[in-house]
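Shown next, in structure tokens, is the structure this report addresses.
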Amino acid sequence: MNKITAAITAVGGYVPDYVLSNKELEKLVDTTDEWIITRTGITERRILKGEGKGTSELCVPVALEICRKRGITPADIDLIIVATVTPDMVFPATANIVADKIGAKNAFGFDIAAACSGFLYALDTGARFIESGRYKRVMVLGADKMSSIIDYTDRTTCIIFGDGGAGVLLEPNEEGYGLIDSVLKSDGHGREYLHMKAGGSAKPASIETVTNREHYVYQEGKMVFKYAVANMADAAAEIMERNNLSSDDIAWLVPHQANKRIIDATAHRMGLPEEKVMMNIQRYGNTTAGTLPLCLWDYEKQLKKGDNLVLAAFGGGFTWGATYLKWGYDTK
Ligand code: UT7
């Protein structure tokens with residue numbers, strides 16, 4: 158019997174309707190459309206509006222699109238993994254809420270909190286369940302409602318982030334398609350530069366933490382940028398070297414969408430031209446765990462069976478990594 162690999166067999170995505178443009182941000186903080194575009198590449202981002210709507214609301218349409226495209230029902234799913242740092246609640250896991258909302262009554266589920274690398278971690282974790290031979294349909298979702306933890310008076314962070322989610326279905330394959338290799342890393346020292354100060358067990362919510370605006374993303378952008386450029390490119394280079402891949406062998410780089418300058422640096426290090434780099438940061442900004450699958454969703458029609466893809470990400474933790482996968486289908 159051939160080795161079982163975990164192949165992506167369907168992709169889904171969802172971004173909310175509300176568009177928060179750079180022009181609108183100019184009215185909220187001291188910034189300009191030109192500064193944001195030049196320094197980040199972002200023109201607009203989406204925001205999930207509505208009382209009581211959390212990250213599961215971003216995941217539900219994604220899960221249903223995946224089921225529809227693959228011709229299965231939610232009851233056919235064995236496992237749902239949601240990568241997010243903005244869960245609906247601290248507990249239960251958003252994966253459980255999604256399963257309940259879509260009627261995935263035979264699935265178990267859990268969340269993975271690895272910030273912008275969350276989807277990479279979740280994809281690799283999901284693949285292990287498939288490769289074990291015990292599970293046949295694993296849904297891996299990456300979604301974040303970043304607007305729920307962004308301070309719209311802080312011009313250094315509010316310009317970057319947006320809301321959105323997407324995901325994939327993993328199924329067993331015996332022809333070598335799917336996940337081939339991953340380099341996953343983390344360094345907790347990086348928490349100093351990117352974190353949320355309160356709301357966890359070390360500093361539970363209080364009137365004081367709310368007054369001090371400690372329930373928002375805190376980021377030292379310059380430091381994070383420095384580490385992101387070096388580590389995302391290193392991980393991508395390592396996965397290429399380990400798998401004897403030259404730039405000609407790679408059809409697509411699927412990079413985390415945090416800053417166009419970080420993406421360009423990674424592509425340059427890999428020797429890839431712009432045409433091979435997935436990019437939608439201009440429309441969605443940084444959706445944290447949503448960026449990688451949102452790229453796959455946007456570019457699905459251009460992907461061909463057998464294409465070699467390298468996914469790469471860097472984010473809070475610090476967490477980072479790269480995954481090499483072989484695309485398993487042509488889109489009709
Ligand atoms: O996905 C999670 C991981 N996160 C990332 O990968 C983000 C990495 N970091 C970045 O993308 C960039 O550091 C930022 C986009 C956050 C900031 O860009 P930068 O080029 O690193 O700007 P900076 O922080 O060095 O600031 C340069 C100047 C400063 O003014 P002075 O001190 O030179 O007078 C800032 O105060 O730009 C100012 N500035 C702004 N000006 C207009 C900072 N934010 C803004 C703004 N509009 N929104």
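Mind the numbering: the sequence shown is residues 158 to 489 in my numbering, read in order.
Note that the Cβ used here is the ideal one computed from N, Cα and C, for glycine as well.
| Asked | Found |
| --- | --- |
| Between the alpha carbons of isoleucine 396 and glycine 299, how many angstroms are there, rounded? | 22 Å |
| Excluding the five sequence neighbours on either side, which residues of its own chain have a C-beta within less than 8 Å of the C-beta of isoleucine 223, listed in chain order? | Ala167, Val168, Gly169, Met296, Gly324, Val325, Leu326 |
| With DSSP as the reference, label alanine 261 as helix, strand or coil. | coil |
| Tell me, which residues are paired with aspartate 187 by DSSP? | The partner list for aspartate 187 (beta bridge, DSSP) is empty, contrary to what the question assumes. |
| Leaving aside the five residues before and after lysine 226 along the sequence, list all residues of the same chain whose C-beta is less than 6 Å from its C-beta, in chain order. | Ala167 |
| Using a Cβ-based criterion (distance less than 6 Å to any ligand heavy atom), does threonine 241 qualify as near the ligand UT7? | no |
| Do tryptophan 477 and the ligand UT7 come close, with the Cβ less than 6 Å from some heavy atom? | no |
| How many Å lie between leucine 468 and aspartate 338 at the Cα? | 11 Å |
| Quickly, what does DSSP pair proline 412 with across the bridge? List them, please. | Ala469 |
| Within its chain, find whatever has a CB closer than 8 Å to the CB of methionine 427; leave out the 5 residues flanking it on each side and keep chain order. | Ala390, Ala393, Ala394, Met397, Ser404, Ile407, Leu410, Val467 |
| Restricting to Cα atoms, I'd like to know which of Gly478, Lys461, Ala446, Thr488 is closest to alanine 272. | Ala446 |
| Check whether the Cβ of arginine 285 sits closer than 6 Å to any heavy atom of the ligand UT7, and report yes or no. | no |
| For the ligand UT7, is there any heavy atom lying closer than 6 Å to the beta carbon of valine 168? | no |
| Measuring alpha carbon to alpha carbon, tell me which of Tyr441, Lys417, Asp235, Phe276 ends up nearest aspartate 174. | Tyr441 |
| In the DSSP assignment, the alpha helix (DSSP H) including leucine 280 goes from what residue to what residue? | 275-288 |
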